[in-house]
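**Q** Here you go, one structure.
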Amino acid sequence: MCGIAGTLYFDAQRLPEQSRLERMVQAIAHRGPDGDGYHIEPGVGLGHARLSIIDIGGGAQPIHNGRRTVWITYNGEIFNYIELRQFLEGRGHRFYTHTDTEVIVHLYEELGDRFVDELNGQFSFAIWDQLKRRMLLVRDRAGILPLYYAKTADELVFASEVKSILASGAVPAALDPHGIDELMTFWAPQAPRTMFQGINQLGPGEMLIVENGRIAHKKYWEWSFPEPGEHRRGSQADLEHELREILSDATRLRLRADVPVGAYLSGGLDSSTLVALLQERVPQTLRTFSIGFDDAGLDESVHQRTVVDYLRTSHNHVQCSTADIARAFPRTIYHSEMPVLRTAPAPMQMLSGLVRRSDVKVVLTGEGADEVLGGYDIFKEAKVRHFWAQQPESSWRPGLLKRLYPYLNLTSAQSAAYLKEFFGVGLQNPNDPCFSHLPRWATTAQCKLFWSDDLRGRVEGSAVERLRDSLPAQVRSWHRFNRGEYLEAKTLLPSYLLSAQGDRMLMASSVEGRFPFLDHRLIEFANRLHPRYKMRVLKEKHLLKQAMRERLPAAILQRHKQPYRAPDAAAFVGSQPPEYVTELMSPQGIARYGYFDADKVARLVAKLQRAKVPAARDNMAFVGILSTQLWHAQFVAGRKFE
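In our numbering, the protein residues as written are 3 to 644.
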């Protein structure tokens, strides 16, 4: 992966400034420390920061076609580029590099806008068609890689990260109040919105076309599910075989690189599956990387070691303490470019640092398996809640949630009331397309209780209502399990998991992540399956477990799913909190930026200092407030934290 930046002036004769483009590229140099490159002509400037993965010696960008009339600046990987190149050479195209990047240029020449349908990869790029005076901005299907843009009166500025657009001077850094409203509902602003006023993000599977001064958006791919009665069924053995074949080929393609490739290993089913498939192909050289926590309740080291011993990988491990998280957190927010509600990205930044120090540039990760193959507890919750909704006054039906959360004491009247309050959200309307996610969103939205009157007055309407209104009409006719999958794949996955916790923490250390479970062939295969192949009663990822039962130890296949979590408020609240925390969370610091109510925040801090086991929503509120303060300090106030 790399970093791209550029500008398109609506005045076709205006020549972009080289120095301005260089500032934009320099702002994202961490994405591409191996070199930079530029193409400037009247009306257009393209910049590139390169992380060399394929054709290390000859792949400098921007890259052009033979006549130098089509140019591209590109971030990502096209994994089927070898096959596409063979097709194009058969059609008479001639290449001057061995990169996957040049394949895109020639494919665009050959197929026009339909070229993107042939790409198997993860990407965000800009194509400039000089003869047509036409610019295409394109983001990959699942939203693995980001692409931002800002339109002013006289230009369109775009880049892989917001900080590059800010470096252009085209727009100032300012909070979009609806961006923080969405973040404190869905965990992240939803495309096209960002945290920054006047700066948008391209959505997954979307193409932005600029021609003759007009801007158009085109959706070229979308998560889609069958209508009732049209799901695919069949022999379990046949479906297991097909799943293994697709996933194995997706993994094979993602080994294509001219540098060493490693893998993240969490100790869960998804990463263990990938490591098992990788070990079949690179048994002598596979390197795995994991993170552990001092808190035994969060640590998965014993499960990681089980896989390492079983598959005999060359393993690398980093241990993360609360002090480590506190030290890393300002840099985490700088790279994520948005507040977060959990500290989970910070340890991922440490893990990518370990990868880079180990002289590995590329890692495969299991992200996406839960969305594609039905692995999240939220899908189980929805299943129980639909059953409960048939008899809302039942006292025993909600008790089934004890199978998901056995630590809940469901015998007391107080706990039963809590259960009703939390999981009972939206119970009166189980056909609501957002039904599966309403409890999570309602809990997250409690962070807004700490908002200042000023911020609250700048937000209009409901984030949930806006999202509900934006859903495609066909969502309402899908199987309720598929509705939950769609919401997860459209909200949390691209905007938070693949962004703040994925791409940004990887690229902070100049490491490329690859995601076999998000190969569009696998997504389309899984989306056609009847939900019973994904979740059998309340057992998640049924088909994947069956498909891998002869390749993984039973302890990994049978273990209860443990979500990845890291210490939250505990990293910052104690007898000696970090200096930046004391400053930014003080009444004066809160009042200075004006987003939160200083008295309410002070009471929250005092409560957390007293608590032996902080409530989840208090943890979330504290981290959300602190990270918002850090976001403003770094991007709006221009402060630096060492």
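Beta carbons are placed, not taken as given, at the ideal position from N, Cα and C, and that holds for glycine.
Per DSSP, what are the beta-bridge partners of Y312 in this structure?
**A** As a working note, residue 312 is residue 310 in the sequence shown. Answer is none; Y312 lacks a bridge partner.
**Q** Name the residue from R289, A325, V320 whose alpha carbon lies nearest to the alpha carbon of V310.
**A** Here residue 310 refers to the residue found at position 308 of the sequence shown. Of the candidates R289, A325, V320, the one whose C-alpha sits nearest the C-alpha of V310 is R289.
**Q** Just checking, does the region 193-211 make contact with the region 249-263 on the three C-beta pairs under 8 Å criterion?
**A** Segments in contact, no.
**Q** Quick one: give me the first and last residue of the alpha helix (DSSP H) that E43 is part of.
**A** Position 41 of the sequence shown, counted from the first residue, corresponds to residue 43. Per DSSP, E43 belongs to no alpha helix (DSSP H); it is in the beta strand (DSSP E), 38-43.
**Q** With a Cβ-Cβ cutoff of 8 Å, do R52 and Q63 count as a contact?
**A** Here residue 52 refers to the residue found at position 50 when the sequence shown is read from its first residue. Here residue 63 refers to the residue found at position 61 when the sequence shown is read from its first residue. Yes; because the gap between Cβ atoms is below 8 Å, this pair is in contact.
**Q** Smallest Cα separation from T367: which of M350, L606, E383?
**A** For the purposes of this step, residue 367 is identified with residue 365 of the sequence shown, where counting begins at 1. The candidate whose alpha carbon is nearest that of T367 is M350.
**Q** At what residue ranges does the region 79-143 contain a whole run of the alpha helix (DSSP H), taking only runs of 4 or more?
**A** For the region 79-143, whole alpha helix (DSSP H) runs of length 4 or above, ordered along the chain, are 83-92, 102-113.
**Q** Measure the alpha-carbon distance for R16 versus S170 and round it to whole angstroms.
**A** Along the sequence shown, read from residue 1 onward, the residue named residue 16 stands at position 14. Along the sequence shown, read from residue 1 onward, the residue named residue 170 stands at position 168. So the two alpha carbons sit approximately 16 Å from each other.
**Q** Could you give the DSSP three-state label for I327: helix, strand or coil?
**A** Counting from 1 along the sequence shown, the entry for residue 327 is found at position 325. Note: I327 maps to helix in three-state DSSP.
**Q** Ends of the beta strand (DSSP E) at M209?
**A** Taking the first residue of the sequence shown as position 1, residue 209 is located at position 207. Here the beta strand (DSSP E) through M209 covers 208-213.
**Q** May I ask which residues mark the beginning and end of the beta strand (DSSP E) holding R289?
**A** Here residue 289 corresponds to residue number 287 of the sequence shown, with the count starting at 1. 289-295 is the span of the beta strand (DSSP E), which, as asked, contains R289.
**Q** Does the region 504-521 come within contact of the region 556-566, defined as at least 3 CB pairs closer than 8 Å?
**A** As far as the Cβ criterion goes, the region 504-521 does not touch the region 556-566, which means the pair count is below three.
**Q** Figure out for me which residue from G576, D361, Y535, R307 has the closest Cα to the Cα of L610.
**A** For this step, residue 610 is matched to residue 608 along the sequence shown. The option with the nearest alpha carbon to L610 is G576.
**Q** Give the straight-line distance between the Cα atoms of G37 and D505, rounded to the nearest whole angstrom.
**A** For this step, residue 37 is matched to residue 35 along the sequence shown. For this step, residue 505 is matched to residue 503 along the sequence shown. Each residue's Cα considered, the two are about 20 Å apart.
**Q** Output yes or no for whether 8 Å exceeds the beta carbon distance between I248 and L524.
**A** Numbered from its first residue, the sequence shown carries residue 248 at position 246. Numbered from its first residue, the sequence shown carries residue 524 at position 522. Yes. Within cutoff.
**Q** Evaluate G299 with the Cβ neighbour count: other Cβ atoms within 10 Å of its Cβ, from every protein chain shown; 16 or more gives buried, anything less gives exposed.
**A** Locating residue 299 in the sequence shown gives position 297, counting from the first residue. Counting Cβ neighbours within 10 Å, G299 comes out exposed, since fewer than 16 surround it.
**Q** Measure the beta-carbon distance from R405 to L540 and round it to whole angstroms, keeping in mind my assumption that it falls under 8 Å.
**A** Residue numbering aside, residue 405 sits at position 403 when the sequence shown is read from its first letter. Residue numbering aside, residue 540 sits at position 538 when the sequence shown is read from its first letter. About 6 Å; that satisfies the 8 Å criterion.
**Q** Can you check which of these residues, E585, T493, R344, is closest to C436 by C-alpha distance?
**A** As a working mapping, residue 436 is identified with position 434 in the sequence shown. Minimum Cα distance to C436 is reached at T493.
**Q** With DSSP as the reference, identify every bridge partner of I201, one or two as the case may be.
**A** Residue mapping note: residue 201 aligns to position 199 of the sequence shown, counting from 1. For I201, which the question treats as bridged, DSSP gives no partner whatsoever.
**Q** Are there three or more Cβ pairs, one per stretch, closer than 8 Å when the region 358-373 is compared with the region 586-597?
**A** No, the region 358-373 does not touch the region 586-597.
**Q** Run through the DSSP bridge pairs and tell me what G515 is partnered with.
**A** In the sequence shown, residue 515 corresponds to position 513, counting from 1. Partner(s): V365.
**Q** Should W130 and L48 be called a contact, given that it needs their Cβ atoms to be closer than 8 Å?
**A** For the purposes of this step, residue 130 is identified with residue 128 of the sequence shown, where counting begins at 1. For the purposes of this step, residue 48 is identified with residue 46 of the sequence shown, where counting begins at 1. Cβ distance < 8 Å, so W130 and L48 count as in contact.
**Q** How many angstroms separate the CA atom of G376 from the CA atom of Q448?
**A** As a position in the sequence shown, residue 376 is number 374, starting the count at 1. As a position in the sequence shown, residue 448 is number 446, starting the count at 1. Spanning the two alpha carbons is a distance of roughly 27 Å.
**Q** Considering only the alpha carbon of each residue, which of I42, S226, E43, H95 lies closest to N67?
**A** The sequence position of residue 67 within the sequence shown is 65, counting from 1. That would be H95, whose Cα lies nearest to the Cα of N67.
**Q** Can you name the residues that DSSP bridges to W453?
**A** As a position in the sequence shown, residue 453 is number 451, starting the count at 1. According to DSSP, W453 bridges with F598.
**Q** As a quick exercise: from G215, E302, I56, K450, pick the residue whose alpha carbon is nearest that of T99.
**A** Your numbering for residue 99 matches position 97 in the sequence shown. Out of G215, E302, I56, K450, I56 has the C-alpha closest to the C-alpha of T99.
**Q** Should R93 be labelled buried (16 or more other beta-carbon atoms within 10 Å of its own) or exposed?
**A** In the sequence shown, counting from the first residue as 1, residue 93 sits at position 91. So R93 counts as exposed.
**Q** Around the Cβ of P44, are there at least 16 other Cβ atoms within 10 angstroms (buried) or fewer (exposed)?
**A** Within the sequence shown, numbered from 1, the residue matching residue 44 stands at position 42. Exposed, by the Cβ-count rule.
**Q** Name the two residues that bound the continuous beta strand (DSSP E) containing F160.
**A** Counting from 1 along the sequence shown, the entry for residue 160 is found at position 158. Residues 157-161.
**Q** For the beta strand (DSSP E) that contains L356, what are its first and last residues?
**A** The count along the sequence shown starts at 1 and reaches residue 356 at position 354. No beta strand (DSSP E) contains L356, which is instead part of the alpha helix (DSSP H) from 347-359.
**Q** In chain order, what residues of the same chain lie with their CB nearer than 6 Å to the CB of N529, ignoring the 5 residues before and after it?
**A** Locating residue 529 in the sequence shown gives position 527, counting from the first residue. Correct list, in chain order: F227.
**Q** Identify the continuous beta strand (DSSP E) that holds H544 and give its terminal residues.
**A** As a working mapping, residue 544 is identified with position 542 in the sequence shown. Counting along the chain, H544 falls outside any beta strand (DSSP E), though it belongs to the alpha helix (DSSP H) covering 544-549.
**Q** Quick check on this structure: which residue in K363, M537, N431, R87 has the alpha carbon closest to the alpha carbon of V105?
**A** Within the sequence shown, the letter at position 103 stands for residue 105. That would be R87, whose Cα lies nearest to the Cα of V105.
**Q** For S396, does the count of other Cβ atoms within 10 angstroms reach 16, so buried, or fall short, so exposed?
**A** Mapped onto the sequence shown, residue 396 falls at position 394. S396 is exposed by the Cβ-count criterion.
**Q** Assuming the contact rule is C-beta atoms closer than 8 Å, L177 and M197 should be a hit. Round their C-beta distance to whole Å, please.
**A** The residue given as residue 177 occupies position 175 in the sequence shown. The residue given as residue 197 occupies position 195 in the sequence shown. Sure, about 7 Å apart at Cβ, within 8 Å.
**Q** In whole angstroms, give me the CA-to-CA distance for T101 and I84.
**A** Your numbering for residue 101 matches position 99 in the sequence shown. Your numbering for residue 84 matches position 82 in the sequence shown. Cα to Cα, T101 sits roughly 9 Å from I84.
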